[in-house]
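The listed protein sequences correspond, in order, to chains L and F.
The working numbering puts the first residue of the first sequence at 1, with every later residue one more than the last.
The working numbering puts the first residue of the second sequence at 1001, with every later residue one more than the last.
Even glycine gets a Cβ: it sits at the ideal position worked out from N, Cα and C.
Owing to the predicted nature of the structure, the values given are computational and were not obtained by experimental measurement.
Here's the structure we're looking at; comments come further down.
Protein chains: 2
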Amino acid sequence: MIQLCIVGSVAIDSVETPFGNAENVLGGSASYASVAASYFARPGIVGVVGDDFPKQHISLLKKRGIDLRGLQVDPQGKTFFWSGYYEGDMNVAVSRTTCLNVFERFSPIIPESYRNARCLMLGNIHPSLQLEVLAQMIDPHLVLCDTMNFWIESALPELEKVLSKVDVICVNDGEAALLTGELSVPRAAQKLLKYGPSRVIIKKGGHGVAMFGQDTFFSLPAMPLAKVKDPTGAGDTFAGGFMGAVAGARTINENAFRKGIIAGTVLASFNVEDFSLRMTSKLAPDQINERIAQLREYTRLPRFIVKSN
Amino acid sequence: MIQLCIVGSVAIDSVETPFGNAENVLGGSASYASVAASYFARPGIVGVVGDDFPKQHISLLKKRGIDLRGLQVDPQGKTFFWSGYYEGDMNVAVSRTTCLNVFERFSPIIPESYRNARCLMLGNIHPSLQLEVLAQMIDPHLVLCDTMNFWIESALPELEKVLSKVDVICVNDGEAALLTGELSVPRAAQKLLKYGPSRVIIKKGGHGVAMFGQDTFFSLPAMPLAKVKDPTGAGDTFAGGFMGAVAGARTINENAFRKGIIAGTVLASFNVEDFSLRMTSKLAPDQINERIAQLREYTRLPRFIVKSN
């Protein structure tokens, strides 16, 4: 039985950054998210690949214990392919090629064995497909939704319908601003909470992450990395780590969400240190625990009370 | 005996923001910093005003217990005057008028009674004047230096000399990037540490603050404020709160610096909620303690250890 159903893209990427390049490597939101989640819970993927999908990518996912019964193989075409590069401070990916291929006609089918998974992650796909997925699940305890500028601009009504049906909205600061018209992160979060989710997570890249509830707020810095080799997949890795920790928690409450933020932050920090899933696919639990301990020290507040004069 | 000597501007400001305006109010880096510091230690100001400086501004500073023996009154001119406004997300102040007036010929003289103060804050003035101040002090335990883009661009050699003589460099992310050519905050901090300070503090506005040492890192979020009324003086208030808490600490160590970051963050959060020093000049210790407790809850990490599969 899986604990976490992850719907998203499974892709082949070619990426170039100031620190090197990687050709035809495993990519896609569901790949990044499921590998990150696999350290904390049992995830299953819902996605599609073509007849060209390399066996070693399948075996990488299987080695991480990821359930692939929901991964369709479409023999009529090729796998989603993306190539692009980063320059300077690597904040923005520049696309060279985007071939949706079999992903263009992807219709998500949730396998029987996934339908009562405890948690559902709606990765960055068309909001209409996200709604189809939601309709097939049997009352998941927690649903997270990711999205991107493209859907905010081209499919806002459907996206708003999705946002009104999920428990956690997870976006970056740029997407939050575009969705709400608010550049202030706290004000954008307040507006997003009005769609009805219990938590709004705003990813701020090197500035870390902020999580807002109706009466709660949690902030965690990013690991202070001097060298980022490839930021591709950092957001998906964060969301996957988050959902993995939540899906694996005994009770889903504020503490579980905070563990999720910690898990996502740590996995994303490993992700950007190498291309593709090279780093995140072969971590030892102690490597993760070491970074959790570092984050704990980085955010430790000493006792401090101001006395009256 | 003062514990903290603060050198900087004392000004009269007229400010307009989307939330209102304030005419001829108290401003200047030394005013903001000393008021913030006054909740944690006994500060004294070194600065200059003209013959027009309103008595109520003097009494505001005196009420906060700030030593004014270092505040020169230049009868030959008027007080430094600045007027400006903020628009949109209020990230950048647009100047309407900047009249340096008596500040143009300001030559800092440290009163005898300030010279062996425990701590020194070199507010944002010409680096040559900062060097003159340093030369007049008798071996302060801790010196913090603030600066701005203008001096980075027009007086870099003198500024670099200052940076090599201080214990704490406190700049915002834009200034850090301009000084080092690094957009990455951790990389900019690494370069700034090479000047020799024990700590580099990088203020990131709504994203909070990061403090780097050779082997230490501390990060604290900003208070998640939905409404910012006037950001003027937030950076000076932060630095003043920081230095006040450090100057008032029993031992100057990592914990004292962290208390400083907390004090600066809390005072800056009050500062932006109203114009000028209206909010920060009349806080009760319990208001400060309440926000410290909130920050503690906002950054509380639950216990979380990943077990081997």
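- DSSP, read as helix, strand or coil, puts L:T299 in coil.
- Within 9 Å of the CB of L:P43, no CB atom of chain F is found; the nearest one sits about 13 Å away.
- Only residues of its own chain outside the window of five on either side were considered, and among them I1202, K1203, K1204, G1205 and G1235 have a CB closer than 8 Å to the CB of F:N1172, listed in chain order.
- Listed along chain F, the residues sitting closer than 7 Å to L:Q190 by beta-carbon distance are A1226.
- Separation of F:N1101 and F:I1169 (C-alpha to C-alpha, rounded to the nearest whole angstrom) is 28 Å.
- Distance from F:K1229 to F:V1272 at the Cβ level is roughly 7 Å; contact confirmed, criterion being Cβ atoms closer than 8 Å.
- The beta carbon of L:S95 does not come within 8 Å of any beta carbon belonging to chain F, so the residue lies off that interface.
- The residue from F:Y1298, F:Q1294 and F:A1247 with its alpha-carbon nearest to that of L:R258 is F:Y1298.
- At a cut-off of 8 Å between beta carbons, F:D1089 contacts chain L.
- Residues of chain L whose Cβ lies closer than 7 Å to the Cβ of F:F1304 are, in chain order, K259, I262 and I292.
- Put simply, the backbone Cα of F:N1116 is about 14 Å away from that of F:R1069.
- The C-beta distance from L:A41 to L:A247 rounds to 4 Å, short enough to fall under 8 Å.
- Residue contact with chain L for F:L1159: absent (no Cβ-Cβ distance below 8 Å to any residue of chain L).
- Annotated three-state conformation of F:E1023 is strand, per DSSP.
- The Cβ-Cβ distance between F:V1007 and F:I1125 falls below 8 Å.
- Taking a beta-carbon distance threshold of 8 Å, L:G123 does not count as an interface residue toward chain F.
- Shown here, L:E87 sits in coil according to DSSP, grouped into three states, outside any helix or strand.
- Only residues of its own chain outside the window of five on either side were considered, and among them V200, F212, G213 and Q214 have a CB closer than 8 Å to the CB of L:L193, listed in chain order.
- L:A210 places its beta carbon 8 Å or farther from that of L:S269.
- For L:V46, the closest C-alpha among the options L:G264, L:T97, L:G233 and L:E112 is that of L:E112.
- When the five nearest sequence neighbours on each side are left out, the beta carbons in the same chain lying within less than 6 Å of the beta carbon of L:S219 are those of A210, in order along the chain.
- What F:I1288 touches in chain L, judged by beta-carbon distance under 8 Å, is V306, going in chain order.
- C-alpha of F:K1191 to C-alpha of F:T1180: approximately 7 Å in a straight line.
- Sequence-distant Cβ neighbours of L:S198 in its own chain, meaning closer than 8 Å and more than five residues away, are D167, V168, G213 and Q214.
- At least one beta carbon of chain F lies nearer than 8 Å to the beta carbon of L:L301.
- The bridge partners DSSP lists for F:W1082 are F:D1013 and F:T1098.
- Using a Cβ-Cβ cut-off of 8 Å, F:L1295 counts as an interface residue toward chain L, since at least one Cβ of chain L sits closer than that to its own.
- The DSSP-derived three-state label of F:S1164 is coil.
- Taking each of F:V1143, F:I1110, F:E1132 and F:F1019 in turn and checking the Cα distance to F:R1118, the smallest one comes out for F:V1143.
- Between L:M243 and the set L:M121, L:A11 and L:E16, the nearest pair of CA atoms involves L:M121.
- L:S128 is positioned such that its CB atom lies no closer than 8 Å to that of L:D13.
- Rounded to whole angstroms, L:A155 and L:L183 show a C-alpha spacing of 21 Å.
- A distance below 8 Å separates the beta carbons of L:F81 and L:A11.
- Beta-bridge pairing by DSSP links F:Q1072 to F:V1048.
- For L:F212, the enclosing beta strand (DSSP E) stretches over residues V209 to F212.
- Residues of the region 1213-1224 of chain F with a C-beta less than 7 Å from any C-beta of chain L: F1217, F1218, S1219, P1221 and P1224, listed in chain order.
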